[in-house]
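Quick note on numbering: the sequence shown equals residues -24 to -1, 1 to 51 in mature numbering (1 follows the signal peptide of the UniProt record, and there is no 0).
C-beta atoms are modelled at their ideal positions from N, C-alpha and C, and glycine is treated no differently.
This structure is a prediction, so every number in the text was calculated from the model and none was measured.
Okay, so here's the structure we're looking at.
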Amino acid sequence: MFVSSVMMFSAALLLILAAQGVKCEQLTQPASVTVQPGQRLTISCQVSYSLSSYATAWIRQPAGKGLEWIGWKST
């Protein structure tokens, strides 16, 4: 039996960190995304800055809960 993982993104935050400063953009994701354990989840977005100039950190905030680190990408 497969157990689904449900990720709530009612107020997902995208934080962009850079040596010369910090950029921050707030994104609204779908209410929920369901994936099977071990499956990859892709989160898409558009940003107003150059991805080659900044490292990008993903932090989510499930409804009614605190911030949770997802990961980051550096070019």
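**Request:** Apply the 10 Å Cβ neighbour rule to Tyr30 and answer buried if 16 or more other Cβ atoms are within range, or exposed otherwise.
**Result:** Position 54 of the sequence shown, counted from the start, is the residue given in the question as residue 30. Buried is the call here.
**Message:** Whole angstroms are fine: how far does the CA of Pro13 sit from the CA of Gly40?
**Reply:** Looking up residue 40 in the sequence shown gives position 64. Looking up residue 13 in the sequence shown gives position 37. Spanning the two alpha carbons is a distance of roughly 23 Å.
**Request:** Could you round the C-beta distance between Leu17 and Thr51 to whole angstroms and report it? I think they count as a contact, below 8 Å.
**Result:** If you number the sequence shown from 1, residue 17 lands on position 41. If you number the sequence shown from 1, residue 51 lands on position 75. Going by Cβ atoms, the distance from Leu17 to Thr51 rounds to 21 Å, so no, they are not a contact pair.
**Asked** For Gln22, which of Gly47, Ile46, Cys(-1) has the nearest alpha-carbon?
**Response** Taking the sequence shown and counting its residues from 1, the one referred to as residue 22 is at position 46. Checking every option, the nearest Cα to that of Gln22 belongs to Cys(-1).
**Asked** Is DSSP giving Thr18 helix, strand or coil here?
**Response** To locate residue 18, count along the sequence shown from 1; it is residue 42. If DSSP states are grouped into helix, strand and coil, Thr18 belongs with coil.
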